[in-house]
């Protein structure tokens, strides 16, 4: 699993991994991201 967020620019929050602990920590970090500018899903 990998988390990539896009606003005006793309940013990788977590590299590709199958480690459940890294995924859990990545989800916590993703929860704090505030979208700004144009957003595309």
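Residue numbers (my numbering): 1 to 41.
Where a beta carbon is used, it is the ideal one built from N, C-alpha and C, also for glycine.
This one's a predicted model, so the numbers in the text were calculated from it and none came from an experiment.
Separation of residue 30 and residue 20 (C-alpha to C-alpha, rounded to the nearest whole angstrom) is 15 Å. Beyond the five residues adjoining it in sequence on each side, residue 32 comes within less than 6 Å, by CB distance, of no other residue in the same chain. Under the criterion of beta carbons closer than 8 Å, residue 17 and residue 1 qualify as touching, at roughly 7 Å.
Straight through space, the alpha carbons of residue 34 and residue 15 are spaced by roughly 20 Å.
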